[in-house]
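What follows is the structure, given as structure tokens:
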């Protein structure tokens, strides 16, 4: 079976999902026109005096950049190829390529030994591609122009020397030495772990910004839920495999790796603890897992767009590029392209 | 150590979660009264950046509060149900009495002894699932506590709850309706770790669709909190579905059961076929166990987006209201749900 066939098959598995929601776009596109100058350009907190108001399109484009990253990573890992060219164009920003690297650690199809993990990878890849497609259509609106859509920026999903995954792995404490995201089931899951909870916190943080457009709000809530399902798959699989093969606690161990990665995310996104690994706690009542990262109220965490960028730029400072986005993300609002100064 | 103390010990163990948000609960407790004032959820933000643009947060308005009270109480009824089920399964005991009071008629959990009655699941054969049970139980208790605090004196009491797997219990009725057991069979969700997972499966995706369905009507004051619970429920559902899939690769009955339960939920909420489509899906995906398998852990539409259910649809499922006969009560809520807005207590006719 060719890679293309595999992709088609994965999407065919989703066929019945497709049938029922054809009408959605039609309805969504019938909404009040979403243009940069359109309604609901919301005012900005006073501390960002020099910035332009964030529009709904800006918010959707912010999400689109993250989905490009996730979709490319999962697509390479599951199928060995990236997104089709017609999903990468747009009138906002400069279109970039995918940095795959060469040799050990380069972006490529994972040779899974666990068919369950492979099945998850294909499922998640199809979902993330669907998110890219959906967001592009939502931003495009009623017209046919791609002028408002953020083009895919340069994306680095390489685990080779100099690649973003290599940089991330070197930044954890302890460092994940020799980390190749595409080497095997466990390294794939660990790499996925780097992204997944970030998407949840980003969509949750964005909920308020879409408040005035109930169609987008509900759609964003739906993507939020899906990202949380994905994160749960990844965390559950990591934990179960970590327990099943309780190798010594090293950086290469699944549970320890999540703690290290979680600490990395916390170290770059500011002083608030918004992140948790999957390590369990044990009390007299027994051992309790931590698949779900929540606060004391049982609520998931939120991140501001700037905090999200700290993580994907792999930088605690206020910068406009780096890490998984070597040239920064594409967004019509310059205020949404900078990470926070932590 | 008593069971209740054990529960406390687990809650105590989550120090990391507790640290960050003490201040929030304090604010939330008085927040309902402070309508039109400062944004409650501003207390959530770790807004330590001065360089970049935050996403704008709309200003809360007073007009939406009555809808909020209805929506949050609707959610509280579901959380009572989930918290009681997981608490019994994980710890062998229900919620403490102080978490059950409020407006409306307070009910009790249908308890008893023997096969099918709510009790601690013996996880010895599969201790990993026991860890998950304790985690989810603790999360659901936190949701009850959070919603009660947010609602303050407007919180509804726990209604009567049936989480029994006896011949007349709601779990058995649900499993019979789904064809998971024969029409005269029993479904005891406390009998084994696997049965517990299937019991959990009956609830979990419903919470996701209910919170998502409520997202357009909730006010800005509670939007982010509701989104946070939505995410937690989706994590739980993802966890349960992932474990069922993992176990199901070598136990096809589990996969089949999820398909049957999802089909039953489709029947109950009125979305089988027709214009509303199939908004519930089992985990089977395609080619399970084969090298080219694609799982279906995440139930989504063609856009990769989770589904919504209306308040009425959720009640149809919770009341096991396939025929319209149980429009106001039944199934897991034998006396109906409690809500100051009666429209939030009924299923489709």
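Residue numbers (our numbering), protein chains in the order written: chain P, 1090 to 1431; chain W, 27 to 375. Each residue gets a CB set at the ideal place from its N, CA and C atoms; glycine is no exception.
Query                                                                                                                                                                                  : Result
Please confirm whether residue 1170 (chain P) has its beta-carbon closer than 8 Å to some beta-carbon of chain W.                                                                      : no
Could you work out which residue in W:234, W:374, W:104 is closest to residue 352 (chain W) when comparing CA atoms only?                                                              : W:374
Can you find a CB in chain P that lies within less than 8 Å of the CB of residue 97 (chain W)?                                                                                         : no
In whole angstroms, what separates the C-alpha of residue 1241 (chain P) from that of residue 1402 (chain P)?                                                                          : 16 Å
I want to see whether chain P comes within less than 8 Å of residue 52 (chain W), judged by CB atoms only; does it?                                                                    : At residue 52 (chain W) the pLDDT is 30, less than 50, meaning the model places this residue with poor confidence; the figure from the coordinates comes in the next sentence. Chain P contact via Cβ: absent.
Taking its Cβ as the centre, do 16 or more other Cβ atoms sit within 10 Å of residue 364 (chain W), making it buried, or is it exposed?                                                : buried
What span of residues does the beta strand (DSSP E) with residue 1375 (chain P) cover, start to end?                                                                                   : 1375-1377
On the CB-based measure, 16 or more other CB atoms within 10 Å of its CB, does residue 301 (chain W) come out buried or exposed?                                                       : Reliability fails at residue 301 (chain W), whose pLDDT of 37 lies under 50, so the model's placement of it is uncertain and no value is given.
Run through the segment 1201-1234 of chain P for me and flag every whole beta strand (DSSP E) of 3 or more residues, listed as ranges in chain order.                                  : none
Distance, Cα to Cα, residue 1386 (chain P) vs residue 181 (chain W)?                                                                                                                   : 16 Å
Would you list, in sequence order, the uninterrupted alpha helix (DSSP H) runs of no fewer than 4 residues that lie entirely inside the segment 1233-1311 of chain P?                  : 1253-1260, 1274-1295
Would you call the segment 1254-1262 of chain P and the segment 1201-1214 of chain P touching, i.e. three or more CB-CB distances under 8 Å?                                           : no
Under 7 Å Cβ-Cβ, which residues of chain P neighbour residue 158 (chain W)?                                                                                                            : 1378, 1380
Jot down the residue ranges of each uninterrupted alpha helix (DSSP H) in the segment 318-357 of chain W, minimum 4 residues, whole runs only, in chain order.                         : 337-344
For residue 1323 (chain P), does the three-state DSSP call read helix, strand or coil?                                                                                                 : helix
Assign residue 339 (chain W) to one of two classes, buried (16 or more other C-beta atoms within 10 Å of its C-beta) or exposed (fewer than that).                                     : buried
8 Å is my cut-off, CB to CB: does residue 1350 (chain P) come that close to chain W?                                                                                                   : no
Which residue's Cα is closest to the Cα of residue 1243 (chain P): P:1227, P:1268, P:1225, P:1189?                                                                                     : P:1189
Measuring only the C-alpha atoms, how far is residue 271 (chain W) from residue 202 (chain W)?                                                                                         : 22 Å
If you reduce the DSSP assignment to three classes, tell me which class residue 143 (chain W) lands in.                                                                                : coil
Taking the straight line between their C-alpha atoms, what separation do you get for residue 250 (chain W) and residue 1377 (chain P)?                                                 : 27 Å
Quick check: residue 1286 (chain P) and residue 1253 (chain P), are their CB atoms within less than 8 Å of each other?                                                                 : no
Comparing C-alpha positions only, which one of P:1331, P:1208, P:1193 sits nearest to residue 1271 (chain P)?                                                                          : P:1193
What's the call for residue 1161 (chain P), buried or exposed, on a 16-neighbour Cβ count within 10 Å?                                                                                 : buried
Note down, in chain order, every chain W residue with its Cβ under 8 Å from the Cβ of residue 1216 (chain P).                                                                          : 324, 326, 330
Check the DSSP bridge columns for residue 359 (chain W) and list the partner residues they point to.                                                                                   : W:356
Classify residue 285 (chain W) as helix, strand or coil using the three-state DSSP reduction.                                                                                          : helix
When burial is assigned at 16 or more other CB atoms within 10 Å of the CB, is residue 1102 (chain P) buried or exposed?                                                               : Note that residue 1102 (chain P) scores a pLDDT of 41, beneath 50, so its modelled location is shaky; the value from the coordinates is reported in the next line. It is buried - the Cβ of residue 1102 (chain P) has at least 16 other Cβ atoms within 10 Å.
Give the secondary structure of residue 187 (chain W) by DSSP, where H, G and I count as helix, E and B as strand, and everything else as coil.                                        : strand
Suppose the cutoff is 6 Å on Cβ atoms and the five residues either side in sequence are ignored; what does the same chain contact list for residue 263 (chain W) look like?            : 230, 231, 234
Any C-beta of chain P sitting closer than 8 Å to the C-beta of residue 321 (chain W)?                                                                                                  : yes
For chain W, find out if any of its Cβ atoms is closer than 8 Å to the Cβ of residue 1386 (chain P); answer yes or no.                                                                 : yes
Evaluate the contact criterion for the segment 1145-1159 of chain P versus the segment 1421-1428 of chain P: three or more CB pairs, one atom per stretch, below 8 Å.                  : yes
State buried or exposed for residue 1245 (chain P), treating a residue as buried only when at least 16 other CB atoms are found within 10 Å of its CB.                                 : buried
Just to confirm my understanding: we take residue 1163 (chain P), look at its own chain, exclude 5 residues before and 5 after, and list those with CB closer than 6 Å. What are they? : 1213, 1214, 1217
With DSSP as the reference, label residue 1411 (chain P) as helix, strand or coil.                                                                                                     : strand
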